[in-house]
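Visitor: Questions regarding the structure given below will be posed in turn.
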Amino acid sequence: MLKEKDMQLSIYSELYYKIPKNHTLKLVREAVDFSYINKVLEKSYCKYYGRPAKEPEMMVKLLVLGYLYNLSDERVIEDASLNLAYMYFLDINPEDTLPHPSLLAKFRKHRLQDVSLDDIIALFVKQCVDKGIIKGSSVSIDTTHTEANTFKATPERVMKRLVSKMFKILKEEVEKIPSDINQEIPDYKEIEDPKVAKETMKAYVEETITTVTENVDVETTPKTKAVIENAKEILSDPKFLAQKGVRSIVDQEARVGHKSKTSNFFGYKTEFMITTEDRIITSVRVGNGAYVDGSFFDELLQLTIKSGISVEELYGDKAYFKKVILDKLKEIKAAAYIPVSEMAYRINEELFSYNKDADQWSCEQGNTTIKKYYKNTKKQTIVQILL
Numbered sequence: 001m002l003k004e005k006d007m008q009l010s011i012y013s014e015l016y017y018k019i020p021k022n023h024t025l026k027l028v029r030e031a032v033d034f035s036y037i038n039k040v041l042e043k044s045y046c047k048y049y050g051r052p053a054k055e056p057e058m059m060v061k062l063l064v065l066g067y068l069y070n071l072s073d074e075r076v077i078e079d080a081s082l083n084l085a086y087m088y089f090l091d092i093n094p095e096d097t098l099p100h101p102s103l104l105a106k107f108r109k110h111r112l113q114d115v116s117l118d119d120i121i122a123l124f125v126k127q128c129v130d131k132g133i134i135k136g137s138s139v140s141i142d143t144t145h146t147e148a149n150t151f152k153a154t155p156e157r158v159m160k161r162l163v164s165k166m167f168k169i170l171k172e173e174v175e176k177i178p179s180d181i182n183q184e185i186p187d188y189k190e191i192e193d194p195k196v197a198k199e200t201m202k203a204y205v206e207e208t209i210t211t212v213t214e215n216v217d218v219e220t221t222p223k224t225k226a227v228i229e230n231a232k233e234i235l236s237d238p239k240f241l242a243q244k245g246v247r248s249i250v251d252q253e254a255r256v257g258h259k260s261k262t263s264n265f266f267g268y269k270t271e272f273m274i275t276t277e278d279r280i281i282t283s284v285r286v287g288n289g290a291y292v293d294g295s296f297f298d299e300l301l302q303l304t305i306k307s308g309i310s311v312e313e314l315y316g317d318k319a320y321f322k323k324v325i326l327d328k329l330k331e332i333k334a335a336a337y338i339p340v341s342e343m344a345y346r347i348n349e350e351l352f353s354y355n356k357d358a359d360q361w362s363c364e365q366g367n368t369t370i371k372k373y374y375k376n377t378k379k380q381t382i383v384q385i386l387l
């Protein structure tokens, strides 16, 4: 149920006078109209029945704070509980309680199904541009790393958990598992050779899938069928056994990526465009840990332009020195302040991609370079890469 907004101020609201008049969030709150949010999302709430819900305007403002300052759901709630400028922007009293971080995820999933958050952010940024809060015509692009909220497992362990999950769900749906199905999972830890261990587990999973489909009518056991299809998809990925595919049953989208030549991480990469003067994020996209920087460049640029910012300069590191990016910037007559990459025009980027953090190239199968050397001649410098 969508309840009416309480406009009554408390005695503690006097603290808001301590916020500087030129603070960005104070200027935004006074200049930008967020009332359209309640009208846009009104149909996703029941007007008369159910438990009173948190106001959509405040929920979207929390998402905006996280979007603008690159904060997680937990961090934005924590900071908004302490930061007066955040409270003022949210239009709440200092003593008011904020929603649990999990509600932000539910809000995104259930309330924003028919409304794109990109559109809401674009309208917000456009109002800031029109009111002169966001100035300048230069933006920068970069990526950040986000760790997955689970651990990284070996392919053998992933396969063990897959069949364990299959047996558990099958037992729930048919009560008793047919005796023809072998439920004795091989102990891969006793196998010394990792390659043999992987092949043994893969053969067992494939055999289990076959016997389950032969002895059980999977059309009457939809949950078991879903697990089987999921297992087939994971095993069909040539990168899986090479430990470059799925590494967790809990979070199957997360991948291993590189922070540097000697350090890797398991999770996601967030790529964003941000104004260089006001440090306001104008567009953002999320990819897995193996994401190649610049893949979402065109989308990020279009969203930034859609928000009303006239892009005349773009700053980025050498990962963005790519022909498609440079051609796009030339098309919109924007200056590119990007370090030159000597390999940009010598590598087929449909087959190979560059990771600036690890300073390595990788092929479409996920294999990385093991050696790179330079050879100087009188006419040119030759860079050779070995995979």
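Its first residue numbered 1, the sequence shown is counted upward by one per residue in full-length UniProt numbering. Beta carbons are placed, not taken as given, at the ideal position from N, Cα and C, and that holds for glycine.
Is the separation between the beta-carbon of G257 and that of G289 shorter than 8 Å?
Guide: Yes, these two residues count as a Cβ contact at 8 Å.
Visitor: Is DSSP giving D139 helix, strand or coil here?
Guide: It is Val, not Asp, that sits at residue 139 in the sequence shown. Correct three-state label for V139: strand.
Visitor: Apart from the five residues just before and just after S102, which ones in its own chain have a Cβ nearer than 6 Å to its Cβ?
Guide: Correct list: empty, nothing qualifies.
Visitor: Is the distance from the Cβ of E313 to the Cβ of S137 below 8 Å?
Guide: In this structure, S137 lies closer than 8 Å to E313 by Cβ.
Visitor: Could you confirm whether any beta carbon from chain D is found closer than 8 Å to the beta carbon of V311?
Guide: Looking for chain D here will not work: only one protein chain is present.
Visitor: Can you pull the DSSP bridge partners for residue 397?
Guide: Not covered by the structure: residue 397. The range shown for the chain is 1 to 387.
Visitor: Does the distance from the CB of A148 to the CB of S248 come in under 8 Å?
Guide: Yes, these two residues count as a Cβ contact at 8 Å.
Visitor: Roughly how many whole angstroms lie between the Cα atoms of A334 and I280?
Guide: For A334 and I280, the distance between alpha carbons rounds to 19 Å.
Visitor: Assuming M166 and A231 form a contact by the criterion Cβ under 8 Å, report the distance between their Cβ atoms to the nearest whole angstrom.
Guide: Right, the Cβ-Cβ distance comes to about 7 Å (below 8 Å), so this counts as a contact.
Visitor: Check whether the Cβ atoms of K168 and F266 lie closer than 8 Å to each other.
Guide: No. Outside cutoff.
Visitor: Measuring CB atoms only, is the segment 20 to 37 touching the segment 289 to 298, in the sense that at least three cross pairs come out at less than 8 Å?
Guide: In short, these stretches do not touch, since the Cβ pair count stays below three.
Visitor: Y48: buried (16+ other C-beta within 10 angstroms of its C-beta) or exposed?
Guide: Confidence in Y48 is poor, its pLDDT being 46 and thus under 50, which makes the residue's placement unreliable; the coordinate value appears in the next sentence. So Y48 ends up on the exposed side.
Visitor: Can you have a look at G132 and say buried or exposed, based on whether 16 or more other CB atoms are within 10 angstroms of its CB?
Guide: The residue in question, G132, is exposed, as its Cβ has fewer than 16 Cβ neighbours within 10 Å.
Visitor: Rounded C-beta distance between K198 and P155? I'm assuming under 8 Å.
Guide: Correct: roughly 6 Å between the Cβ atoms.
Visitor: What's the C-alpha gap between K306 and K135?
Guide: Using only the alpha carbons, I get a separation of about 15 Å.
Visitor: Let me know the secondary structure DSSP gives A336 once reduced to three states.
Guide: Residue state, collapsed to three classes: strand.
Visitor: Apart from the five residues on each side of it in sequence, which residues of its chain come closer than 7 Å, Cβ to Cβ, to R285?
Guide: If we look at R285 and ignore the five residues flanking it on each side, its Cβ neighbours are E271, F296, E299, L300.
Visitor: Could you give the C-beta distance for L63 and I77, rounded to a whole number, given that I count them as a contact under 8 Å?
Guide: With 8 Å as the limit, L63 and I77 do not qualify as a contact, their Cβ atoms being about 11 Å apart.
Visitor: Sort H100, Q183, Y188 by Cα distance to M59 and report the nearest one.
Guide: Closest by alpha carbon: H100.
Visitor: With distances taken Cα to Cα, identify the nearest neighbour of F321 among H23, I141, L71.
Guide: Closest by alpha carbon: I141.
Visitor: Please report the straight-line C-alpha distance between G50 and K61, rounded to a whole angstrom.
Guide: With a pLDDT of only 40 at G50, under 50, the local geometry of the prediction cannot be trusted, and the value read off the model is given with reservation. Their Cα atoms are separated by approximately 23 Å.
Visitor: Nearest by alpha-carbon distance to D118: which of V340, S283, G308 is it?
Guide: When each option's Cα is compared against that of D118, the closest is S283.
Visitor: Are S10 and N93 closer than 8 Å when you measure CB to CB?
Guide: It is a contact, given that the beta carbons lie within the stated cut-off.
Visitor: CB A122 to CB L25, shorter than 8 Å?
Guide: Cβ atoms of A122 and L25: not closer than 8 Å.
Visitor: Checking 8 Å against the spacing of the C-beta atoms, do Q127 and V32 come in under that value?
Guide: Yes, Cβ-Cβ distance for Q127 and V32 is below 8 Å.
Visitor: Flag this pair as yes or no: are the beta carbons of R29 and Y67 separated by less than 8 Å?
Guide: Taking 8 Å as the Cβ cut-off, R29 and Y67 do not qualify as a contacting pair.
Visitor: Report back the beta-carbon spacing between residue 397 and L329 to the nearest angstrom; my notes put them in contact at under 8 Å.
Guide: Only positions 1 to 387 of the chain appear in the structure, and residue 397 is not among them; the question remains open.
Visitor: Would you please state the rounded distance, in angstroms, between the beta carbons of I338 and G308? I believe it to be under 8 Å.
Guide: That pair is no contact at about 24 Å.
Visitor: With a threshold of 6 Å on Cβ separation, who are the neighbours of P20 within its own chain once the five nearest residues in sequence on each side are excluded?
Guide: Around P20: no qualifying Cβ.
Visitor: Between K269 and H145, is the Cβ-Cβ spacing less than 8 Å?
Guide: Their beta carbons are under 8 Å apart, which means K269 touches H145 by this criterion.
Visitor: For V212, collect the residues of the same chain with a Cβ closer than 8 Å to its Cβ; drop the 5 residues on either side in sequence, then sort them by chain order.
Guide: M166, L170, I181, V218, T224, I228, listed in sequence order.
Visitor: Go through its chain and collect everything with a Cβ distance to T221's Cβ below 6 Å, but skip five positions before and after it.
Guide: Only E173 meet the Cβ criterion.
Visitor: When DSSP builds the beta bridges, which residues end up paired with G257?
Guide: F265, per the DSSP bridge assignment.
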